[in-house]
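Below is one structure, written out as structure tokens; the observations come after it.
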Amino acid sequence: NAGVMQNPRHLVRRRGQEARLRCSPMKGHSHVYWYRQLPEEGLKFMVYLQKENIIDESGMPKERFSAEFPKEGPSILRIQQVVRGDSAAYFCASSYQEIGYTFGSGTRLTVV
Amino acid sequence: QQQVKQSPQSLIVQKGGIPIINCAYENTAFDYFPWYQQFPGKGPALLIAIRPDVSEKKEGRFTISFNKSAKQFSLHIMDSQPGDSATYFCAASYSGNTPLVFGKGTRLSVIA
């Protein structure tokens with residue numbers, strides 16, 4: 273029973289490029305959450321999705337960021353036209369119900 | 036607006052000591068309070084969680100104390116070991132499709 277799988281583990285993008293972060297939740301989990309962590313900071317909520325639905329995107333920047341969780345396949349966090357300030361660790365978590373998150377190991381995005 | 040305030044930011048204890056990490060919350064609707072442990076390069080892992088109907092919960096060497104009237108909860112680590120050196124995050128949420136709100140974390144170092 274694999275845990276939450278995130279890939280890639282590390283991603284380097286030049287300013288202006290697009291970054292696509294993938295998250296496969298634990299088997300049987302239908303709730304997916306994306307968080308961003310800056311150095312020496314806590315985890316900041318970005319978006320909460322269920323299959324084919326965005327439930328809460330109150331933490332997501334209005335521009336350049338989007339997320340999806342299709343019926344088939346992993347959840348995708350997309351960042352268009354990346355800037356240096358987007359450099360951070362992005363964590364995905366999944367749960368069977370609304371509590372009891374299991375986190376993945378994260379994707380560390382570096383924008384150069 | 037920071038809904039969960041965590042202190043201290045960092046903590047150094049001797050092996051065998053009992054580090055205590057404190058969190059205070061503002062939203063009285065919160066009814067789920069977990070603690071997460073994060074090692075460098077890894078995702079946060081759930082340690083222990085409590086609901087407001089109990090004042091204390093113990094799992095192994097980890098204990099949560101909860102004070103509903105003061106809107107505070109704390110993590111105690113008994114007989115701390117160097118392997119406990121990590122960053123600890125408190126969090127809170129309430130029922131009904133709401134995401135976890137995290138504190139900023141406490142970096143714990145247990146020295147031999």
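Residue numbers (the working numbering), protein chains in the order written: chain A, 273 to 384; chain B, 36 to 147.
Yeah, the Cβ is synthetic: ideal placement off N, Cα and C, and Gly gets one too.
Please go through the segment 319-368 of chain A and give each complete beta strand (DSSP E) segment of 3 or more residues, from N-terminal end onward.
Correct list: 325-328, 337-340, 347-351, 360-367.
So S377 (chain A) contacts chain B; which residues on that side make the cut at Cβ distance below 9 Å?
Residues of chain B with a Cβ closer than 9 Å to the Cβ of S377 (chain A) are, in chain order, G76, K77, G78.
Own chain, CB closer than 7 Å to Q352 (chain A), minus 5 neighbours either side, in chain order
Closer than 7 Å at Cβ, skipping near neighbours: E290, R336.
Compute the beta-carbon to beta-carbon distance between Q72 (chain B) and A105 (chain B), rounded to the nearest angstrom, for a pair I have assumed lies under 8 Å.
Contact annotation, Q72 (chain B) with A105 (chain B): C-beta distance approximately 24 Å; criterion of less than 8 Å not satisfied.
Say yes only if the C-beta of Q278 (chain A) is nearer than 7 Å to one or more non-hydrogen atoms of the ligand COA, and no if none qualify.
In the structure on display, the ligand COA does not appear, and there are no ligands present to speak of.
Chain-ordered chain B contacts of F317 (chain A) [CB-CB under 9 Å]
Within chain B, the C-beta atoms nearer than 9 Å to that of F317 (chain A) come from P134, L135, V136, F137, in chain order.
Tell whether a beta-carbon distance below 8 Å holds between Y123 (chain B) and F65 (chain B).
Cβ atoms of Y123 (chain B) and F65 (chain B): not closer than 8 Å.
P117 (chain B), DSSP secondary structure in three states:
In the structure shown, P117 (chain B) sits in a helix (DSSP, three-state: H, G or I).
In this structure, does DSSP put V89 (chain B) in helix, strand or coil?
In this structure, V89 (chain B) counts as coil in the three-state DSSP scheme.
Considering Cα atoms alone, identify which of A:D358, A:A339, A:T374, A:Q369 is closest to R287 (chain A).
Distances from the alpha-carbon of R287 (chain A) to those of A:D358, A:A339, A:T374, A:Q369 put A:D358 closest.
Do we get a CB-CB distance below 8 Å when we pair F124 (chain B) with the residues of chain A?
Closer than 8 Å: yes.
Cutting at 8 Å between CB atoms, please list the residues of its own chain near A339 (chain A), excluding the five before and the five after it.
The beta carbon of A339 (chain A) lies closer than 8 Å to those of W306, M318, V319, L321, I326, E329, M332, S347, I348, L349, R350 in the same chain, with the five residues before and after it left out.
Report all residues from its chain with a CB closer than 6 Å to the CB of I55 (chain B); omit the five preceding and five following residues, and keep chain order.
Within the same chain, I55 (chain B) has close Cβ partners S109, H111.
Please classify L315 (chain A): is it buried, with 16 or more other beta-carbons within 10 angstroms of its beta-carbon, or exposed?
Per the 10 Å Cβ criterion, buried.
Under a three-way DSSP split, which group does P69 (chain B) fall into?
Looking at P69 (chain B) - three-state DSSP - the assignment turns out to be strand.
Take the Cβ of G76 (chain B) as the centre, count every other Cβ of all protein chains shown within 10 Å, and call the residue buried at 16 or more, exposed below.
With fewer than 16 other Cβ atoms within 10 Å, it is exposed.
In chain A, which residues lie with their C-beta within 7 Å of the C-beta of G140 (chain B)?
The contacting residues are G314.
Collapsed DSSP secondary structure at Y160 (chain B) in the structure displayed:
Outside the modelled stretch of chain B, which goes from 36 to 147, sits residue 160 (chain B), for which no answer is possible.
Could you please give me the residues that DSSP links to G107 (chain B) through a beta bridge?
Position check: residue 107 (chain B) holds Gln in this sequence, whereas Gly was assumed. As computed with DSSP, Q107 (chain B) is found in a beta bridge with B:A59, B:N102.
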